[in-house]
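Asks: When the letters of the sequence shown are read in order and numbered with our numbering, they come out as residues 67 to 226.
C-beta atoms are modelled at their ideal positions from N, C-alpha and C, and glycine is treated no differently.
A quick note: this is a predicted structure, and the numbers were derived from the prediction, not measured.
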Amino acid sequence: MFIDFNDIMFGLRNGRYVYIGSGSSREVYDLENGYVVKVAKNKAGIEQNRAEYYISANDSSGIFAKVIEASSDYGLLIMRKAKKIKDIRFVWNYFNAGNKHEFYESPHMQRLKNKYKLLLGDFEKASSWGIIKGRPVIIDYGFTRYVERKYYRRFYEEDL
67 MFIDFNDIMF GLRNGRYVYI GSGSSREVYD LENGYVVKVA KNKAGIEQNR AEYYISANDS
127 SGIFAKVIEA SSDYGLLIMR KAKKIKDIRF VWNYFNAGNK HEFYESPHMQ RLKNKYKLLL
187 GDFEKASSWG IIKGRPVIID YGFTRYVERK YYRRFYEEDL
């Protein structure tokens, strides 16, 4: 699949795409072709895009929404679009976990956490998940230990 990032940037500047939502470092837009674009707002967003690109390219578990491509500077990332999940218990039930503790402590989640240095607390929000082909997938997985330490740790330390 060919991705024309210049055309996507033009479309973003001209309001062609529907805004879906944002976090502290990225905005997400619907490309209306089965994909979304995640736009980095700052260096932390670039690192989150880079992390998602790496994880998607190296993982075969099927639990992460697939990244199709990223721009050369990781400012833009194209990911498969997922349907929204309203209740996190859908995820727990799918993975036969009665609560978030059981889910996080499952061997599968612990393996992914350790392999990709993920912060599992971010996955307790329904907004971090979506549904593709009837199964839950993580759609926001770029907040790794590295990103947290490099870009967010100082904010936590200032509050202490």
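What three-state label does DSSP hand LYS147 in the structure shown?
Replies: Coil, per DSSP.
Asks: Note down the Cα distance separating GLY208 from LYS149, rounded to an integer number of angstroms.
Replies: The alpha-carbon atoms of GLY208 and LYS149 are separated by roughly 19 Å.
Asks: How would you call ASP139, buried or exposed, if buried means at least 16 neighbouring beta carbons within 10 angstroms?
Replies: Exposed, since its Cβ has fewer than 16 Cβ neighbours within 10 Å.
Asks: Opposite GLU135 in the DSSP bridges: which residues?
Replies: For GLU135, which the question treats as bridged, DSSP gives the partners ILE144.
Asks: When burial is assigned at 16 or more other CB atoms within 10 Å of the CB, is ALA131 buried or exposed?
Replies: So ALA131 counts as buried.
Asks: Which partner residues of ALA106 appear in the DSSP bridge assignment?
Replies: DSSP, once it has assigned bridges, lists ARG92 as partnering ALA106.
Asks: Helix or strand or just coil, what does DSSP make of LEU78?
Replies: It is helical.
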